[in-house]
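So the structure is just underneath, and the comments pick up after that.
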Amino acid sequence: MSIEYGPRPLRITLTALVVLVLGALMALGGGYLAALGGSWYYLIAGIGLLVVAGLLFARHRAAIWLYAVLLLATLAWTIYEVRFDWWQLAPRIDLWCILGLWLILPFVNRYVSDRLVWRDGASGLLGIGLVAGALMAVFSLTQDYHSIKGEFSDAQMQGLNPQGQAGRTTSEWPAYGGSEHGDRYSTADLITPRNVDKLKKAWEYHTGDLPGPTDPGEFTYEVTPLKVGNSLFICTPHSIAIALDADTGEERWRYDPNINRKAEYYQHMTCRGLAFHDGVRYAAAASTDQPDQPAARCERRLFLPTNDATLVALDVDDGKPCEDFGDAGVIDLKEGLGEGALGVYLPTSPPVVTEKLVIVGGSITDNGAVDSPGGVVRAFDVHSGDLVWYFDPGNPDASEPLAPGETYTRSTPNWWTTSVADESLGLVYIPTGNQTPDQWAKPRTPETERFTDTLVALDLETGKIRWEFQTVHHDLWDRDLPSQPTLVDIDRPEGKVPAIIQPTKRGDLYILDRRTGEPIVPVGEIPVPQGTDYGEFTAPTQPVSSVSYAPDEPLHEHDMWGGTPLDQMMCRIQFRKLRYEGDFTPPSEGGSLIYPGNVGTFNWPSVAVDPSRQVMFGAPNYLAFVSTMVKRSEVAPDERTGGGETGLQPNLGAPYMVSLKPFMSVLGLPCQTPPWGYVTGFDLRTMKKFWLHKNGTSRDSTPVPIPLPVGTPALGGPIVTAGGVAFMSGTLDYYLRAYDLQTGEQLWKGRLPAGGQATPMTYVSEKTGKQYVVQMAGGHGSFGTEIGDSVVAFTLDEEAE
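Per the UniProt record's numbering, the very first residue in the sequence shown carries number 1; after that it's consecutive.
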């Protein structure tokens, strides 16, 4: 049908204007991208849209023909770049298909001519393009290029090894990592894959400890409760220790150390947990002929690290300080650290407790100052609080107590995460970090270089080094060893080997013989990018483990992501402007892409290991960061710096500051394509990945709470149980999730009132016989989740039991 008609309708003019703007933006950005050596697609497509806009203004039918051709070409280019990967496909074609649908509508389409025309060849070609786009989108939803769909055998899941469960009880969780092995494993087996969907909230407790006006932005609840007797024990960001009834969540006692709130805490305000010393158990082990007697006061004690750098010993039953420890129950950890320790030296993780010792470390503010307190490791008598030995990374042979006025070596690598000890071998394993500042390493000494990012095994009696294993040379990337190591005995062809597993930010799993530090699986050295533009040097090679969750491939331009073709194009431009030569690309003045980024593939949540089945459950993350060196002379003196792990960092005393930020688009979305977070199952016998699945949704990260299964980063650890169920929170959506340990399938999720950036724990009540799973839901300031103060316990419905 062809009928002449009058003036161009307003809707055609507005459509032409929209296409003109889109074309101009794409052509300008695409031209810049092409000049940077990137894809020519955006320039060509932008020019094509400008021509379409001109034809629309002229009411020429060729506008529909040309748009249809551009749509089909875009579909072909999309398949060429990303195949049928939904999350990469969608932002490449979404605007094209939306605009195409508008142009094919009768009340628009038929007016793109000087005659009333519809259902012609141009409309047919556009319709073919839209149908093809829809089919591509539907088909891509069935494809998964990122998962590993396997499962552990039935025999492995059912064959519980008694050696892996020795010395454990279902009713307690006496250490941060569940046991002295740091494996986050419980022998509780009442909750299984068959009944876990019957979990319901049993109780919720509010600590009342929320951010104050002077607190740093990184106010975080990262605590894992301990369970001793019928009480749970937690600590809050302001270092308040609280005991709760394990069956009801009712508060039993509270101890507030009244930390110095006037100090400037530059980076963190957190407490990951307390440590427990069971003097009754050790006494019983030493003498079997003594009748059971009530425990004396403080024979069982808790150790509370505080953010103003003290260590407090508390009686388990009443929560009051143990007067025989230190100065009326308190040790001042600032002693021997020199000036500027308050607010900079922060013992954020629970100490290691053995029969005789409580061993303490602390974090040092990242990128604070060249002259900072040192990362000394100190062992105190668990009863008296007297200093027994220390390990000074800047003076590793020192053993004599400090004279009055002396300090430990300043600005050395620190131990800030949770550690573990093997008392049968007489060793404590210290995972060290980097010397601050992270990216400016010129002040580092040979001793500092030696102990940076190193797993150090110290003799429990003397504090002397028994062995050491370094994971990063001359670290310029903040690749601390963040995770608690895990002790597990692994069945190998040569027999059972006592192993230690050390996860890293890069994603490597260093699996070592914990007696000697020798690798059980191969470790090699690879050449890495060289040269900096700010006067630093780089190590020629870096160690890598053959067992690794490091990204399989470096990022490429086609891995850039966004919500639309436009912000995706902007991410491509950013990618091309940054220095990036793969892993270990040095920081630079122009900005370098660091991948994996500062959060790391593994961080403080570590991994969970079932020592009986010899399988590991982990949650690797994949987020890129941008690291930019900034000359101090180019920054205004009054510009605010510090106060977190992102933004412009002060690096006081260095000629360069550093700007750190996630690699984000103009819309606030990550510039790299999802998934960004997974859960995984790993077989320690075969050293193979059995399954890998994306984890977490966009439910609480977008203005509209749509739970898109993108796979989000997680900052909260997993636990595994003898029941064959793993639990984890930590994602950007507010849920505690349960997984089938055999397959990785998500079986259940329970809603949390705030971010769950903490590791859960589980126990069976001696009073009710119920198995509880408890999660701290207090949020995380720098992770961007909602802050709260809730401890939430879940248990099975009565009918499910």
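Glycine included, every Cβ here is placed at the ideal spot set by N, Cα and C.
Quick caveat, the model's predicted, so the values are computed rather than measured.
What does the Cβ neighbour count give for residue 300, buried or exposed, with the cut at 16 atoms within 10 Å? Residue 300 comes out buried.
Integer Cβ distance of residue 514 from residue 498, believed to fall under 8 Å: That belief holds up - the Cβ atoms of residue 514 and residue 498 are roughly 5 Å apart, short of 8 Å.
C-beta atoms of residue 566 and residue 26 nearer than 8 Å: It is a contact, given that the beta carbons lie within the stated cut-off.
Residue range of the alpha helix (DSSP H) that residue 240 falls in? First-last for residue 240: undefined, no H or E at that position.
Identify which residue in 788, 240, 294 has its Cα closest to the Cα of residue 251. The option with the nearest alpha carbon to residue 251 is 240.
With DSSP as the reference, label residue 534 as helix, strand or coil. Residue 534 falls in the coil class under three-state DSSP.
Taking 8 Å as the threshold (C-beta atoms), are residue 271 and residue 187 in contact? No. Outside cutoff.
With distance defined between alpha-carbon atoms, name the residue in 445, 438, 494, 510 nearest to residue 479. Taking residue 479 as reference, the option from 445, 438, 494, 510 with the minimal CA-CA separation is 438.
State the DSSP-derived secondary structure class of residue 621, mapped to helix, strand or coil. The answer is strand: DSSP assigns residue 621 an E or B state.
Taking all protein chains shown into account, decide if residue 615 is buried (16 or more other Cβ within 10 angstroms of its Cβ) or exposed. Buried is the call here.
Assuming the contact rule is C-beta atoms closer than 8 Å, residue 772 and residue 202 should be a hit. Round their C-beta distance to whole Å, please. So it is a contact: roughly 6 Å between Cβ atoms.
Give the single residue among 60, 624, 568 whose Cα lies nearest to the Cα of residue 109. Ranking the options by Cα distance to residue 109, first place goes to 60.
DSSP-derived helix/strand/coil call for residue 81: The answer is helix: DSSP assigns residue 81 an H, G or I state.
Pick helix, strand or coil for residue 1, following the three-state DSSP scheme. For residue 1, the predicted structure reports a pLDDT of 43, less than 50, and the residue's modelled location is therefore unreliable. The matter cannot be settled from this model.
What three-state label does DSSP hand residue 26 in the structure shown? Reduced to three states, the DSSP call for residue 26 is helix.
Give me the Cα-Cα distance between residue 3 and residue 58, rounded to the nearest whole angstrom. Confidence at residue 3 is low in this model, with a pLDDT of 48, below 50, so its placement is unreliable and no value can be given for it.
C-alpha distance - residue 767 paired with residue 247, whole-angstrom precision: Looking at the two C-alpha atoms, the distance is approximately 8 Å.
At the level of alpha carbons, what is the spacing between residue 581 and residue 436? Cα to Cα, residue 581 sits roughly 25 Å from residue 436.
For residue 502 and residue 455, believed in contact at Cβ under 8 Å, the rounded distance: Confirmed, about 5 Å.
Report the three-state DSSP secondary structure of residue 52 (helix, strand or coil). In this structure, DSSP gives residue 52 a helical state, which the three-state scheme calls helix.
May I have the straight-line CA-CA distance separating residue 778 from residue 126, to the nearest angstrom? Taking the CA atoms as reference points, residue 778 sits about 51 Å from residue 126.
Could you give the residue range of the beta strand (DSSP E) that holds residue 97? Following the DSSP letters along the chain, one finds residue 97 in no beta strand (DSSP E) but inside the alpha helix (DSSP H) bounded by residues 86 to 104.
Give the straight-line distance between the Cα atoms of residue 218 and residue 50, rounded to the nearest whole angstrom. Going by the C-alpha atoms only, they are around 47 Å apart.
What ranges does the alpha helix (DSSP H) occupy inside the region 459 to 527, keeping only unbroken runs of at least 4 residues that lie completely in it? The region 459 to 527 contains no whole alpha helix (DSSP H) run of 4 or more residues.
Just tell me which of 604, 590, 584, 221 has its CA closest to the CA of residue 415. Closest option to residue 415, Cα to Cα, is 604.
Residue 573: which of 28, 21, 23 sits nearest, CA to CA? If we check each option's Cα against that of residue 573, 28 comes out closest.
Thinking just about the alpha-carbon of each residue, which of 361, 536, 233 is nearest to the one in residue 586? Among 361, 536, 233, the Cα nearest to that of residue 586 is on 536.
Cut-off 8 Å between Cβ atoms - residues of its own chain near residue 107, not counting five sequence neighbours on either side: So the list reads 11, once near-sequence residues are dropped.
Where DSSP assigns a beta bridge to residue 771, which residues make up the other side? According to DSSP, which records beta bridges pairwise, residue 771 is partnered with 764.
Do the CB positions of residue 635 and residue 658 come within less than 8 Å of each other? No. Outside cutoff.
Are there 16 or more other CB atoms within 10 angstroms of the CB of residue 510, so buried, or fewer, so exposed? Classification for residue 510: buried.
Have a look at 575, 360, 702 and flag the residue whose alpha-carbon is nearest the alpha-carbon of residue 381. 360 is the residue among 575, 360, 702 whose C-alpha sits nearest the C-alpha of residue 381.
Endpoints, beta strand (DSSP E) assigned at residue 145: Neither: residue 145 is in no beta strand (DSSP E) and is coded neither H nor E.
Alpha carbons only, please: which of 193, 82, 150 is nearest the one belonging to residue 140? Ranked by how close their Cα comes to the Cα of residue 140, the residues 193, 82, 150 have 82 in first place.
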